[in-house]
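*Asks:* Chains R and U, in that order, give the protein sequences. All letters in the first sequence, in the order written, are residues 171 to 505 by this note's numbering. All letters in the second sequence, in the order written, are residues 2 to 298 by this note's numbering. A virtual CB, placed ideally from N, CA and C, is assigned to each residue, including glycine.
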Amino acid sequence: MARFIARRVVQLILVLLAVTFVAFGALNFLGDPLVNIVGPLAAIDYCDEVEAGLREDSYTSINNSRGDCEIIGEAKADFGLDKPVVQRYFTWLGNIITGDLGTSFQTQLPVSEIIAQKLPKSLMLMVMAQIIALAVAIPVGVYSAYRAGRGIDRATSVASFGLLSIPNFALGVIVLQFFALRNQWLPASFDDTSVGTRIHSLILPATVLALGIAATYQRLLRTDLLTTLQEDFVHMARAKGMTDRHIMIRHALRPSLFSLITVFGVSTGGLIGGSLVIEGIFSIPGIGSEIVTAVIRDDFPVVLGSVVVIASGFVVINFFVDLFYTWLDPRVRSS
Amino acid sequence: MNTAVPSTTAIDDIANDETVNDVSKRRLGFGFWIAISWIGLVSVAALLAPWLPISDPNEIANGAPRDGILGDNLMGTDALGRDVFARTIWGARISLGVGFLGILLGVVVGGSLGIAAGYFKGLTDQVISFLAFSLLSFPALVLALLITASLSRSFLTVAMTLGIIGIAPISRLARATTIQFADREFVQAARVIGAKSRRIIIKELLPNVLIPMGALTLLGMGISIVAEGSLAFLGLSVEGEAISWGKSIVDGSQTRDLNQNSHVAFVPIFAMFLTVMALNFAGDRIREYTDVRETAF
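#1: Could you tell me whether the Cβ of P7/U comes closer than 7 Å to any Cβ of chain R?
#2: Reducing DSSP to helix, strand and coil, say where T463/R ends up.
#3: What does P280/R pair with, by DSSP beta-bridge criteria?
#4: Relative to chain U, which residues along the stretch 307-337 of chain R have a C-beta separation below 9 Å, given in chain order?
#5: Given that a residue counts as buried once 16 or more other Cβ atoms are within 10 Å of its Cβ, and exposed if not, what is K248/U?
#6: Could you tell me which chain U residues have their CB closer than 7 Å to the CB of A193/R, listed as they occur along the chain?
#7: Does any residue of chain U have a CB that is nearer than 7 Å to the CB of I510/R?
#8: Run through DSSP, which three-state label would D84/U get?
#9: Starting from H264/U, trace the alpha helix (DSSP H) in both directions and tell me its first and last residue.
#10: Taking the alpha helix (DSSP H) that W246/U belongs to, which residues open and close that run?
#11: Give a single yes or no on whether D362/R has its beta carbon closer than 6 Å to a heavy atom of the ligand COA.
#12: Give the single residue among G107/U, W246/U, G32/U whose Cα lies nearest to the Cα of T162/U.
#13: Select from L271/R, D238/R, G243/R the residue whose C-alpha is nearest the C-alpha of F194/R.
#14: Residue ranges of each alpha helix (DSSP H) run of no fewer than 4 residues wholly in the stretch 121-167 of chain U, ordered along the chain?
#15: Kindly indicate which residue of G77/U, M214/U, E242/U, A150/U has the alpha-carbon position closest to the one of A266/U.
#16: Starting from N59/U, trace the alpha helix (DSSP H) both ways and give me its first and last residue.
#17: Interface residues of chain U around G450/R at Cβ under 8 Å?
#18: Does any residue of chain U bring its CB to less than 7 Å from the CB of I301/R?
#19: For chain R, check one thing: does any of its Cβ atoms lie closer than 7 Å to the Cβ of T4/U?
#20: Is there contact between the stretch 325-334 of chain R and the stretch 380-398 of chain R, where contact requires at least three CB pairs shorter than 8 Å?
#21: Round the Cβ separation of Y120/U and A175/U to the nearest angstrom and send it over; I've been treating them as touching at under 8 Å.
#22: Give the secondary structure of I12/U by DSSP, where H, G and I count as helix, E and B as strand, and everything else as coil.
#23: I'd like the list of long-range same chain contacts for R192/U, defined as Cβ closer than 8 Å, with 5 residues on each side in sequence excluded.
#24: Kindly list the residues whose CB is nearer than 6 Å to the CB of I214/R, restricted to its own chain and excluding five residues on each side of it in sequence; keep chain order.
#25: Would you please verify whether the beta carbon of I267/R is less than 7 Å from any beta carbon of chain U?
#26: Determine the DSSP secondary structure at T413/R, reduced to helix, strand or coil.
#27: Run the CB neighbour count on H416/R, radius 10 Å, all protein chains shown included, and call it buried at 16 or more, exposed below.
#28: Could you check whether the stretch 52-67 of chain U touches the stretch 215-224 of chain U, counting it as contact only if at least three pairs of C-beta atoms, one from each stretch, sit closer than 8 Å?
#29: Do you know offhand how far A303/R's Cα is from Q388/R's?
#30: Quick check: is the beta carbon of G272/R nearer than 7 Å to any beta carbon in chain U?
#31: Anything in chain R within Cβ reach of N260/U, meaning under 7 Å, just list it in chain order.
#32: Apart from the five residues on each side of it in sequence, which residues of its chain come closer than 6 Å, Cβ to Cβ, to N488/R?
#33: Can you confirm whether the stretch 256-271 of chain U touches the stretch 193-212 of chain U when touching is taken to mean that 3 or more C-beta pairs between the two stretches lie within less than 8 Å?
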């Protein structure tokens, strides 16, 4: 087990390096970081000539008398943009490891502070969604496997198929219209007054996120249970005269949870994407809303910092899901 | 299995469940053809939108603003008095377009990488698998956001983004399927008679890998259409006047619109829902029909 964990930790570090590099590279290669610092000035293309002394540096800004190329040059030096990308990547990586995610261009606040302020709300939303999803999927999954092929099983199959086909933003809009606007049963936006109001105002968005995941869980659990129910030990238990209820819950459920656990990690990825969108619909000031604003305002450090935190979190969650899974089912270790 | 014993309880029924499935697997079924017809209908409407007798989707004050369904305009008008029905049909052009182009790119690039990884094994496999693994380490929408955020968002860049999201999962499926077939007798036989790698891949492996890919293309197109909608909610779908289902839903989702004339959001939601469900259903049926369940990941 120790060797297995060691191998997994090395893999984790490699993937974290790759993820941070992709994020850094995407924002540096696809867009021009200089534009994000100095704005439209970045489009000026005669700075080489100014440096060579072939022409005079002009200035567009009335507030400062410095030349445009001087500003660009300073910005390049300040942010290290005159150095090669790989070198910049490692400097940036070093800063991240020491907890320095940079400073927002817009608000001048440290990115780590912004994230620390926004992330808990998103986490709360996602945790509530997972709890609701499991609370719905496990009982429904067990019952539909028990009643496989009967009316109730068919009905849940159709329902979960429908839920899988409806995008979470669409469900969000429908639920918002019906439960919060037409009938004011639950709040339409986030209320930060106390823990109680926070949970209360997150019920709708968390349920919207949960239903899609619950459908996936329910289908997996049903399939796995059907396989488990054909195992000898189930026949044995039946031969001993145990009740169906006892067999389903005590004997069959536990060995049927393996796929569900692996998918738990993957579904978290869907959940993160979903919460980015749902936060906007239900006006939750979480990390998703923060990213959307940052993208609109071209706030490069905030986008990069948030993406890195989210992706790393996702990688780490999957790492622990893997370990947990291996611990539960020793057969995986050897493969 | 004791299938010979007549079933008395639910748990016995489960043993019989498989045989029921086996029979239904042999036919695509009525539902499949309904789903395909819907997809066909929407595609034709999308293709022919400029020639159909519908209103100009961008014409402001085509009817009274916020007019309800079955008023002067078939499906009412939005806050600017634009015809909702026409906008939904025009929206299909971009939604289906980026969905189809995106998944096409994903299948071509992801499929080739996956087949190469599964066939050549060794270092090729390790490099490709690591790349796929790194891409998969991003939540899909975060990856899409990362790409679109720094580009100008034309039809092509959005389609490309949706394609890039698909590359990693598709390459994994292609790799798994290729590995399954790479050591089969017919491939060994081809190798023994001196066939080159290129010929083996194209003539022997590709046809077998394409079957699960076909199902995946339909499912993936549904996912791409939904992803465009998610991007629209982040303000990252196709820019400008272009109409997509995602953008129409966002348009109709302002509190005032949802309160007074929810049809502006609900009509494109319904169109997207039916189309995605049809794609999922058709894809699922093809997967079951070709019976490749055990090869999926």
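*Replies:* According to the data block:
#1: Residue confidence is low: P7/U scores 40 on pLDDT, short of 50, so the model does not pin down where it sits. Its coordinate-derived value is still stated next. Cβ-Cβ to chain R under 7 Å: no for P7/U.
#2: helix
#3: T273/R
#4: A315, Y316, R317, A318, G319, R320, F331, G332, L334, S335, I336, P337
#5: buried
#6: L147
#7: In the structure as shown, chain R starts at 171 and stops at 505, and residue 510/R therefore has no counterpart that could be examined.
#8: strand
#9: 264-291
#10: 246-252
#11: For the ligand COA, the structure offers nothing, since it holds no ligand at all.
#12: G107/U
#13: L271/R
#14: 123-137, 141-150
#15: G77/U
#16: Careful: N59/U lies outside any alpha helix (DSSP H) and carries neither H nor E.
#17: F234, L235
#18: no
#19: Unreliable positioning characterises T4/U in this predicted model, as indicated by a pLDDT of 38, which lies under 50. A coordinate reading is not provided.
#20: yes
#21: The Cβ separation is near 10 Å, so there is no contact.
#22: Caution applies to I12/U, whose pLDDT of 45 falls short of 50 and renders its modelled position unreliable; the value that the coordinates give is listed next. If DSSP states are grouped into helix, strand and coil, I12/U belongs with the helices.
#23: I201
#24: D238
#25: no
#26: coil
#27: exposed
#28: no
#29: 9 Å
#30: no
#31: L351
#32: G435
#33: no
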